[in-house]
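Visitor: Residue numbers for the sequence shown follow this note's numbering, so the first one is 4 and each next one is one higher. Please find one structure pasted underneath; my questions will follow.
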Amino acid sequence: MKNKKDLIKILFVLLYFVFVIVSFIMGFKPGKQIGLNFISFSIEMLKILPCAFVLIGLFEVWVKKEKVEKHLGKESGMLSYIWVILLAGTTVGGLYVAFPIAYSLFKKGAKLSVVFTYISASAICRIPMTIFEASFMGIKFSLIRLVVSIPLVILSSIWLGNYLEKRNYKVMEGK
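Here is the structure:
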């Protein structure tokens, strides 16, 4: 069954590339734009991801599990949420980088609710994004959004973390 699923995935990828190539040959503008967007996106990812994964690897090696457990683990208090929001605010690369960091934090002993807060804050609290937003929407808008969003992120993360921990949630290891 697994080989059939892999074959279907490969077929869809090949179909995509055939579509893009035929679009360039036939001059189909939407297909050409899709191909150019894919190339642009791939180049951006190649600029960000290697550096980010090196930093994540260094985090894995240099930051002790005891440190993470102390500040972000089961016995940590509300300050742990502030720590991960600050960490998320400085994360570059968006959720492509945030998910591996979140997994690393979880493996090192951070509680689920803190990990969920980190992922959510990575999506809404990044400093460059907030500055960009403030320049277009105004500082007042950005501050209101953060003041409303951050407590909701923390509360929903605590609720979801508690819900999953009560049901003995386990993170599956990769292949």
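Note that the Cβ used here is the ideal one computed from N, Cα and C, for glycine as well. Nothing here was measured: the structure is a model prediction, and the numbers come from that model.
Given a cut-off of 8 angstroms, decide if Val87 and Thr120 are closer than it, judged by their beta-carbon atoms.
Guide: In the sequence shown, residue 120 corresponds to position 117, counting from 1. In the sequence shown, residue 87 corresponds to position 84, counting from 1. Taking 8 angstroms as the Cβ cut-off, Thr120 and Val87 qualify as a contacting pair.
Visitor: Among the candidates Lys8, Lys173, Leu52, whose CA atom is the shortest distance from the CA of Lys114?
Guide: The residue labelled residue 114 in the question sits at position 111 within the sequence shown. Taking only the C-alpha atoms, the option nearest Lys114 is Lys173.
Visitor: In the structure shown, what three-state DSSP assignment does Tyr172 receive?
Guide: One-based indexing of the sequence shown puts residue 172 at position 169. DSSP places Tyr172 in coil when its eight states are reduced to three.
Visitor: Under a Cβ-count criterion, where at least 16 other Cβ atoms within 10 Å of its own Cβ denotes burial, should Leu82 be classed as buried or exposed?
Guide: Here the question's residue 82 lines up with position 79 in the sequence shown. Exposed, since its Cβ has fewer than 16 Cβ neighbours within 10 Å.
Visitor: Buried or exposed: which applies to Arg182, given that a residue is buried once 16 or more other Cβ atoms fall within 10 Å of its Cβ?
Guide: Only positions 4 to 178 of the chain appear in this structure, which leaves residue 182 out of reach.
Visitor: Quick check on Pro103: buried or exposed, where buried means 16 or more other Cβ atoms within 10 Å of its Cβ?
Guide: For the purposes of this step, residue 103 is identified with residue 100 of the sequence shown, where counting begins at 1. Pro103 is buried by the Cβ-count criterion.
Visitor: On a Cα-Cα basis, can you pick out the residue from Phe109, Ser159, Ile13 that is closest to Glu72?
Guide: Stepping through the sequence shown from its first residue, residue 72 is reached at position 69. Of the candidates Phe109, Ser159, Ile13, the one whose C-alpha sits nearest the C-alpha of Glu72 is Phe109.
Visitor: Asn180 and Ser116 look like a contact to me (Cβ under 8 angstroms); what is the Cβ gap, rounded to whole Å?
Guide: Outside the shown range of the chain, which is 4 to 178, sits residue 180, and nothing can be said about it.
Visitor: I'd like to know whether the C-beta atoms of Ser123 and Ser160 end up nearer to each other than 8 angstroms.
Guide: Against the sequence shown, residue 123 aligns to sequence position 120. Against the sequence shown, residue 160 aligns to sequence position 157. Yes, Cβ-Cβ distance for Ser123 and Ser160 is below 8 angstroms.
Visitor: For His74, tell me which candidate among Lys143, Val118, Glu136, Phe20 has the shortest Cα-Cα distance.
Guide: Within the sequence shown, residue 74 is the residue found at index 71, counting from 1. If we check each option's Cα against that of His74, Val118 comes out closest.
Visitor: Going by C-alpha distance, which of Ile59, Tyr84, Ile37 is nearest Tyr99?
Guide: As a position in the sequence shown, residue 99 is number 96, starting the count at 1. Checked all of Ile59, Tyr84, Ile37; the closest Cα to Tyr99 is Ile59.
Visitor: What alpha helix (DSSP H) runs, 4 residues minimum, are completely inside the stretch 6-90?
Guide: Runs found: 32-65, 68-75.
Visitor: Can you say whether Ile42 is buried or exposed, counting buried as having 16 or more other CB atoms within 10 angstroms of its CB?
Guide: Stepping through the sequence shown from its first residue, residue 42 is reached at position 39. Ile42 should be labelled exposed.
Visitor: Return helix, strand or coil for Lys111, following the three-state DSSP convention.
Guide: Here the question's residue 111 lines up with position 108 in the sequence shown. Coil at Lys111, not helix or strand.
Visitor: Enumerate in chain order the residues of its own chain whose CB-to-CB distance from Leu52 is below 8 angstroms, with the five nearest sequence positions on each side excluded.
Guide: Sequence index remark: in the sequence shown, residue 52 carries index 49 (1-based). Cβ within range, chain order: Gly96, Tyr99, Val100.
Visitor: Under a Cβ-count criterion, where at least 16 other Cβ atoms within 10 Å of its own Cβ denotes burial, should Ile1 be classed as buried or exposed?
Guide: The requested residue 1 does not occur in the structure, where the chain is confined to residues 4 to 178.
Visitor: Could you check how far apart the C-beta atoms of Ile13 and Tyr84 are, in whole angstroms? I think they sit under 8 angstroms.
Guide: Here residue 13 refers to the residue found at position 10 when the sequence shown is read from its first residue. Here residue 84 refers to the residue found at position 81 when the sequence shown is read from its first residue. The pair is not a contact, with the Cβ atoms about 42 angstroms apart (cut-off 8 angstroms).
Visitor: Can you say whether Ser138 is buried or exposed, counting buried as having 16 or more other CB atoms within 10 angstroms of its CB?
Guide: Here the question's residue 138 lines up with position 135 in the sequence shown. Burial call: exposed.
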